[in-house]
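Numbering-wise (our numbering), the sequence shown opens with residue 192 and increments by one. In what follows, a single structure is set out as structure tokens and then discussed.
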Amino acid sequence: MENHYITLENREKITISQVLDVDAFDEDNLWANLKDGGIELTGEKLNIERLDLQEGILVVSGKICSFSYIDKKIKEKRTLLGFLKKHQ
192 MENHYITLEN REKITISQVL DVDAFDEDNL WANLKDGGIE LTGEKLNIER LDLQEGILVV
252 SGKICSFSYI DKKIKEKRTL LGFLKKHQ
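Put into structure tokens, the structure is as follows:
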């Protein structure tokens with residue numbers, strides 16, 4: 192199994208491996224599913240430079256303010272809450 196990695200360059204470009212897909216994206220936030228949970232990015236003027244789902248690589252540029260991992264259980268709750276809000 193390939194190791195997961197994140198490379199952050201001068202808070203202006205981040206490369207993330209083992210990406211399955213991108214849940215949501217705007218210029219201030221990005222949520223992506225990883226092989227083991229998820230990740231949330233916050234920043235300013237975020238832009239997806241590369242998304243290669245076959246290789247599992249995501250490259251985002253802009254001002255990277257923070258990133259945090261999302262546990263699978265938290266992600267499932269967030270997904271369920273979003274679904275319920277949409278269908279009320």
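Quick reminder that beta carbons are idealized off the backbone N, C-alpha and C, glycines included.
With fewer than 16 neighbouring CB atoms inside 10 Å of its own CB, A215 falls in the exposed class.
If you draw a 10 Å sphere on the C-beta of L244, you find fewer than 16 other C-beta atoms in it, and that means exposed.
Each of T233, L249, V213, C256 was checked against the Cα of N201, and the nearest Cα belongs to C256. Beta-bridge partners of N220 (DSSP): T233. Take T198, set aside five residues on each side of it, and the residues of its chain with a beta-carbon closer than 6 Å to its own are T206, in chain order.
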